[in-house]
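*Asks:* To start, I am sharing the structure in question, which I have written as structure tokens.
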Amino acid sequence: MRPQIKGSTILVTGGAGFIGSHLVDRLLDMKAKEVVIIDNLFLGNENNLEEAISHGSILYKDDAEFATSLEYIFERHDIDIVFNCATKALNYSFMNPSNSFETNTKVVLNLLELQRKNAFTTLCHFSTSEVYGTAIYEPMDEAHPRNPTTLYAAGKAAADLAVETYVRMYDLDSFIIRPFNNYGPRQNYKGELAGVIPITVFRVLNDLPLEIHGTGSQSRDFIYVHDTVDAIVNVFDKLPKGESVNISTHNQVSIKEVIETIAHEMNYKGEILKKTSRNSDVFCHNASNEKLEKMIEFRLTPFSEGLKKSIDWYIKAITK
Ligand SMILES: NC(=O)c1ccc[n+]([C@@H]2O[C@H](COP(=O)([O-])OP(=O)(O)OC[C@H]3O[C@@H](n4cnc5c(N)ncnc54)[C@H](O)[C@@H]3O)[C@@H](O)[C@H]2O)c1
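When we follow the numbering used here, the leftmost residue of the sequence shown carries the number 344, and every step to the right adds one.
Have a look at this one:
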């Protein structure tokens, strides 16, 4: 029997990051008994957990790639459920492909081994739309071939296979949620690993010219982070072990449109520079969320509303 979130002790790997920290807050709202986090702060930020820590959550600033670091936590907490969010941002795989692959595979293998030894009951593993590569048919459903175009995505695809195979071999209660492009508060806005929305707001605020890589016609299925977290906690007790589900809006927005909308909202009158396209950039991501919608009621924040909320949040965070 899958444990319920309410009353359970839960570990969130990568919980100081963007989606993980929103998930931690939601698990606490749902009256999880205890929420423990492991994050090496590669990109995560302790500030994202300010509220959670004030409500008793514990952050282990440690590396989940080390099996012994996880074992240390499992010795101290009677964990029932693990949400595996830890990863190093996709762009990092252009700088250090091998380590990007390793993070995406080692952490999940460490967790699956612990689960196989009965250290905890349920694993909710985070995959990514990137495993599909550029759409060969649209909208992409869960049966779409996995065709990674980066080492980040190759690591994620390998992790999916590991989860599916451990379930087949050892009958573990593990399943995969596969978000598409999330946006919203708390995404990293600094440096080369920043997401497109936060970095664009950052550039406007710092009088830097805006940039579009390639034509800008590459599209993504943007989903507001709170909608993703809603979907995850609602699908949690419904998705059978060994299965995966897309978490998406069934819609797509081009990068050009995103940047131009931010420019308009922030009254930016400067240049929009055309930069060379990134090697291996996925061209189109339009997902089917039919499977998800059959399982749960799913409310989606309109993109314009979510984008406005995000811009407001980044203006406050960047200028404070
Ligand atoms: N943001 C998106 O649009 C998106 C889309 C699809 C899938 N996902 C998946 O959702 C999950 C969360 O993504 P996110 O956007 O919140 O990313 P994020 O970078 O904000 O969070 C990942 C966290 O993992 C931490 N981390 C990295 N390596 C670690 C390690 N070895 N040990 C412990 N912690 C480590 C980082 O410090 C960071 O806080 C990831 O698995 C990602 O692949 C995200």
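Ideal placement from N, C-alpha and C gives every residue a C-beta, glycine not left out. Being a predicted model, the structure only gives us computed values, none of them experimental.
#1: Does ligand 1 have even one heavy atom less than 7 Å from the beta-carbon of Phe-444?
#2: Contact between the region 432–450 and the region 364–378 is defined here as three or more beta-carbon pairs at a separation below 8 Å; is this criterion met?
#3: Would you say the beta carbon of Lys-499 comes nearer than 7 Å to a heavy atom of ligand 1?
#4: Please state whether DSSP places Glu-408 in a helix, a strand or coil.
#5: Using CA coordinates, which residue listed in Met-638, Asp-382, Glu-614 and Thr-430 is at the minimum distance from Lys-404?
#6: Kindly give me the distance between the Cβ atoms of Phe-469 and Ile-422, rounded to whole angstroms, as I take these residues to be in contact under 8 Å.
#7: What span of residues does the beta strand (DSSP E) with Tyr-403 cover, start to end?
#8: Using the three-state DSSP reduction, which class does Asn-461 fall into: helix, strand or coil?
#9: With distances taken between CB atoms, is the gap from Arg-529 to Ser-364 smaller than 8 Å?
#10: Compute the distance between the beta-carbons of Asn-427 and Tyr-495, then report whether it is under 8 Å.
#11: Return yes when at least one heavy atom of ligand 1 lies under 7 Å from the C-beta of Tyr-454, else no.
#12: Taking the straight line between their C-alpha atoms, what separation do you get for Ala-407 and Arg-345?
#13: Name the two residues that bound the continuous alpha helix (DSSP H) containing Val-578.
#14: Give every residue of the same chain whose Cβ lies closer than 6 Å to the Cβ of Asp-570, excluding the five residues on either side of it in the sequence, and list them in chain order.
#15: Where does Ala-432 sit, in a helix, a strand or coil, going by DSSP?
#16: Apart from the five residues just before and just after Tyr-526, which ones in its own chain have a Cβ nearer than 8 Å to its Cβ?
#17: Check Ala-505 in the structure and name its three-state DSSP category.
#18: To the nearest angstrom, how far is the alpha carbon of Tyr-415 from that of Phe-409?
#19: Quick check on Ser-472: does DSSP put it in helix, strand or coil?
#20: Rounded to whole angstroms, what is the Cα-Cα separation between Gln-504 and Leu-551?
#21: Using only alpha-carbon positions, find the residue among Ala-501, Lys-499 and Val-425 that is nearest to Cys-467.
#22: If you draw a straight line from the alpha carbon of Pro-522 to that of Val-576, how long is it in whole angstroms?
#23: Assign Pro-488 to buried or exposed, taking buried as 16 or more other Cβ atoms, counted over all protein chains shown, within 10 Å of its Cβ.
#24: With hydrogens ignored, establish whether the beta-carbon of Asn-589 is closer than 7 Å to any heavy atom of ligand 1.
#25: Between the alpha carbons of Leu-354 and Ser-647, how many angstroms are there, rounded?
#26: Using a Cβ-based criterion (distance less than 7 Å to any ligand heavy atom), does Pro-522 qualify as near ligand 1?
#27: Given a threshold of 16 other Cβ atoms within 10 Å of its Cβ, counted over all protein chains shown, does Ala-486 qualify as buried or as exposed?
#28: When the Cα of Tyr-611 is compared with those of Tyr-509, Tyr-657 and Leu-548, which residue comes out closest?
#29: State the beta-bridge partners of Glu-640 as determined by DSSP.
#30: Per DSSP, Lys-659 forms a beta bridge with which residues?
*Replies:* The relevant details are as follows:
#1: no
#2: no
#3: yes
#4: coil
#5: Asp-382
#6: Not confirmed; about 17 Å, so no contact.
#7: 401–403
#8: coil
#9: yes
#10: no
#11: According to the sequence provided, residue 454 is Leu. The question's Tyr does not apply to it. For ligand 1, not one heavy atom lies less than 7 Å from the Cβ of Leu-454.
#12: 24 Å
#13: 568–578
#14: Leu-643 and Thr-644
#15: coil
#16: Gly-538, Ile-540, Phe-565, Ile-566, Tyr-567, Val-568, Gly-649, Leu-650 and Ser-653
#17: helix
#18: 10 Å
#19: helix
#20: A quick correction: the sequence has Leu, not Gln, at residue 504. So the alpha carbons of these two residues sit roughly 42 Å apart.
#21: Val-425
#22: 13 Å
#23: exposed
#24: no
#25: 33 Å
#26: yes
#27: exposed
#28: Leu-548
#29: Glu-640 is not bridged to any residue.
#30: Answer is none; Lys-659 lacks a bridge partner.
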